[in-house]
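Presented below is the structure to which this report refers.
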Ligand code: GCB
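Residue numbers (full-length UniProt numbering): 6 to 598.
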C-alpha cells in the first residue's frame, strides 16, 4: 500500500513541478497598501521531508474518528514571522531541513484590484500553497519575491501554507560550505499587497553616471493599461516631471535640478512621489555620484577613502538573524562609533532596514550576493540562479544612493571549471542592469611569498575595484616587516580595497590559561591590527580597508571548545558588545584617515 501511495504521490508531485517560479517583488513594497501577515504561524517541523509525501498542504481532515491522518497543524508549535527558526526553539538550533508554516487570513476580493503575497526573504527554498493548491516556488535566501493571488484568493477565509527548506545544496547559492549560521525560515516580513489593475512595479531614479545634477532613469507599470501619464514630484525642490509610458508600460525619466548631494557627512534624502493615473508610490531618495577615476574612488567628484567594516546580518545580543529596524540600528551604530563611512553587508543582501538606515546615517553600503567560495559554476542552473539573485538584489535597492558597490562574488576558486566565464558574464549583465555603481569581485587567490603579494587573478580585470581578502598574521605568518611588503597587481592602475583582514580573539582572554592561548588573546589580535595598519601603507592605490568583522558571530564551523563555542571570534566586539583591544586600534586608524 505504501508503494502504491508513493507512486501516486510522485505522479502528483510531477504535476506540480512546472508550477510558477516566483515573480520579482515590486519595489518599495512597504510603501504600498499592505496587510501584514507577520506574527505567529503554525508550523510542522519535518526533518525528513515526509510532508511532501503526505501532502501537508491539503490538510487532510478526518471525517470519521477512524480515518487515517497525519501532520495536522492543529495543536502544534508556532514560530514567529519574521524570524529565523533556529533561534526560536532549542531543537532547531542547528536544524537544516523542512519546516511547514501555516497562516490564515480573511479577504474580500474587490473589482479592479489585484492581490499579491510578498515575502521579504525566506531561507532557502520556498514553496507556497494557497487553499490547498501550489502557487509557486522561489530559491534564494536573501531577496524578496511575490506571487499574484488575485485569481485563487477566495472571499472569506484563506489558508496559506509555506514549505521552507534550508538544506544546503551543491548547486545552491551559497553552495554547501560557508562560515556563518544557516538561519532558516521566513526571516523577513510577509505582506499581502493590494494594488489597482495597473500598478507601478518598478522605477529607477538616480543620477546619471558622472553627473551631479541630472537624473536618468525610468518608470515601469504592470497591468492592463500600460499607456499612462506619469509624474515624479519632489515637493522640497518644487520639482514636477511629467512623462508618458509606452505600450510596454515604460517611461524614460530625465530631469535636472540643483540637488543637495548625499554624502556621509550630509546624508540628504528627498521625499519623492511617483504617480501614474492608477497608482502612487513614495520613496526617500538621495542623489550622489560614484565613479572610479584613475586609481581613485570619487564620491560626488572628490576622492573618498572607504573606512569600512564587515557585518553579518545577525543581532549578536539575540543570537538571531537581524530583521528589523532596531537590529539594524544596533549594528550600524556600532559601525558609526568605530568611525566608519561604509559597511560591507556580508555575504548576501541584508534586509531593507539595514540598507535604508545605513543610508540615513551616512554610511555607504557594499551589497553582495552569496556567490561564496564553493560554487558549482559548471552547472548552468547555477549561473541562472546567480543572475536571478543579482537582479533581485538590484531591483530592490537600485534607488538607494547609499549603495555604491555591487559585489558579485567572494573568494571563489579560479580553478573551478567555468568560474571565469560565469563571473565575467555576470559582471556584464550587472553593468547592463545598473551602469551607475561600482562592481567588484573579492579575490583571495593571491600568493604571498617573500613578503610580496602577487595578486594575479584575472577576474580583477572585470571589476572597478580590486578587492582582496588576506589574513596575514592569522592564517598565514608574516614573511618580513609589514611596512616592507611589496605588491604585484594584475591591474596596477585600479583602486585596491582590502575587503577582509583580522584574526580571532576571545574577549577577556588577555592572559590565556596556557601558552598556546597566545593565539586567541586580545593582545594577539591587536598585534595583527598593528601589523596590518603598517602594511596598508605599502598598498598601491589603497582606496579603503574593511576589517573582518564588527561583532563575533555564530558559525557552525567554529567549534573550538574553549575559544569559539560556535562563534567566529574575529569580531572587534564580542557578541555581548564588549570592545576588544583591536577595536580601539581600528578606531584610531579611522580617526586619522
Ligand atoms: C574569509 C571569508 C569570511 C570568513 C573569514 C574567516 O575569507 O570571506 O566569510 O568568515 O574568512 O573568518 O576565516
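Where a beta carbon is used, it is the ideal one built from N, C-alpha and C, also for glycine.
Residue i: CB within 8 Å of a non-hydrogen atom of the ligand GCB
{"i": "residue 353", "result": "no"}
{"i": "residue 525", "result": "no"}
{"i": "residue 416", "result": "yes"}
{"i": "residue 532", "result": "no"}
{"i": "residue 447", "result": "yes"}
{"i": "residue 568", "result": "no"}
{"i": "residue 575", "result": "yes"}
{"i": "residue 377", "result": "yes"}
{"i": "residue 144", "result": "no"}
{"i": "residue 112", "result": "no"}
{"i": "residue 474", "result": "yes"}
{"i": "residue 529", "result": "no"}
{"i": "residue 560", "result": "yes"}
{"i": "residue 371", "result": "no"}
{"i": "residue 505", "result": "yes"}
{"i": "residue 553", "result": "yes"}
{"i": "residue 480", "result": "yes"}
Proximal residues to residue i (C-beta, below 8 Å), its chain only, five neighbours per side dropped
{"i": "residue 585", "result": "510, 512, 527, 530, 531, 576, 577, 578 and 579"}
{"i": "residue 299", "result": "498"}
{"i": "residue 489", "result": "456 and 543"}
{"i": "residue 83", "result": "45, 46, 47 and 48"}
Contact set for residue i: own chain, Cβ-Cβ below 7 Å, skip 5 residues either direction
{"i": "residue 449", "result": "416 and 474"}
{"i": "residue 205", "result": "224, 226, 279, 281, 284 and 286"}
{"i": "residue 562", "result": "184"}
{"i": "residue 69", "result": "none"}
{"i": "residue 438", "result": "396 and 399"}
{"i": "residue 553", "result": "315, 505, 506, 507 and 575"}
{"i": "residue 431", "result": "391, 392, 395 and 413"}
{"i": "residue 569", "result": "563"}
{"i": "residue 598", "result": "310 and 312"}
From the options, residue whose alpha carbon lies closest to that of residue i
{"i": "residue 370", "options": "268, 137 and 225", "result": "268"}
{"i": "residue 100", "options": "596, 545, 329 and 53", "result": "53"}
{"i": "residue 550", "options": "65, 541 and 222", "result": "541"}
{"i": "residue 233", "options": "589, 367, 221 and 249", "result": "249"}
{"i": "residue 174", "options": "408, 238, 379 and 392", "result": "379"}
{"i": "residue 187", "options": "172, 597 and 194", "result": "172"}
{"i": "residue 304", "options": "333, 276, 271 and 288", "result": "271"}
{"i": "residue 122", "options": "276, 559, 309 and 27", "result": "27"}
{"i": "residue 203", "options": "74, 409, 536 and 153", "result": "153"}
{"i": "residue 196", "options": "446, 483, 484 and 39", "result": "39"}
{"i": "residue 367", "options": "356, 375 and 342", "result": "342"}
{"i": "residue 42", "options": "25, 107 and 95", "result": "107"}
{"i": "residue 115", "options": "181, 34, 265 and 160", "result": "160"}
{"i": "residue 262", "options": "242, 418 and 447", "result": "242"}
{"i": "residue 29", "options": "588, 275, 592 and 401", "result": "401"}
{"i": "residue 434", "options": "411, 454, 177 and 375", "result": "411"}
Chain-order list of residues whose beta-carbon lies under 6 Å from that of residue i (same chain, five-residue window excluded)
{"i": "residue 147", "result": "126, 353 and 354"}
{"i": "residue 252", "result": "231"}
{"i": "residue 130", "result": "144 and 170"}
{"i": "residue 156", "result": "none"}
{"i": "residue 336", "result": "316"}
{"i": "residue 377", "result": "179, 183, 352 and 415"}
{"i": "residue 80", "result": "none"}
{"i": "residue 599", "result": "The structure shown does not extend to residue 599, since the chain spans only 6 to 598, so no value can be given for it."}
{"i": "residue 539", "result": "487 and 488"}
{"i": "residue 98", "result": "91"}
{"i": "residue 452", "result": "459"}
Cβ-Cβ separation, residue j to residue i (assumed contact under 8 Å), whole Å
{"i": "residue 163", "j": "residue 136", "result": "6 Å"}
{"i": "residue 428", "j": "residue 464", "result": "6 Å"}
{"i": "residue 228", "j": "residue 208", "result": "Contact doesn't hold; Cβ gap of about 15 Å is too wide."}
{"i": "residue 151", "j": "residue 406", "result": "Contact flag wrong, Cβ pair sits at about 25 Å."}
{"i": "residue 468", "j": "residue 444", "result": "6 Å"}
{"i": "residue 266", "j": "residue 217", "result": "7 Å"}
Any non-hydrogen atom of the ligand NAP within 8 Å of residue i CB
{"i": "residue 184", "result": "Only the ligand GCB can be found as ligands here, which leaves the ligand NAP out of the picture."}
Contact with chain D by residue i, beta-carbon distance below 9 Å
{"i": "residue 373", "result": "In the displayed structure, chain D is absent; only one protein chain is listed."}
Notebook entry, point to check: Within the chosen definition, does the stretch 381 to 396 reach the stretch 254 to 261 through at least 3 CB pairs nearer than 8 Å?
Noted result: The stretch 381 to 396 vs the stretch 254 to 261: no contact.
Notebook entry, point to check: Any contact of the stretch 284 to 304 with the stretch 325 to 336, i.e. 3+ C-beta pairs under 8 Å?
Noted result: By the Cβ rule, the stretch 284 to 304 does not count as touching the stretch 325 to 336, because fewer than three pairs are nearer than 8 Å.
Next item on the list: Would you check if the stretch 86 to 105 and the stretch 139 to 156 touch, i.e. whether three or more CB-CB distances between them fall below 8 Å?
Entry: Short answer: they don't touch.
Checklist line | the stretch 34 to 50 touching the stretch 102 to 121, judged by at least three CB pairs closer than 8 Å | finding: Output reads yes: the stretch 102 to 121 touches the stretch 34 to 50.
Notebook entry, point to check: Can you find at least 3 beta carbon pairs, one from the stretch 479 to 496 and one from the stretch 451 to 459, that sit closer than 8 Å?
Noted result: A contact is defined here as three or more CB-CB pairs under 8 Å, and the stretch 479 to 496 meets this definition with respect to the stretch 451 to 459.
Notebook entry, point to check: Can we say the stretch 345 to 352 touches the stretch 312 to 322, given the rule of at least three CB pairs closer than 8 Å?
Noted result: Yes, since at least three Cβ pairs between the stretch 345 to 352 and the stretch 312 to 322 fall closer than 8 Å, the two stretches touch.
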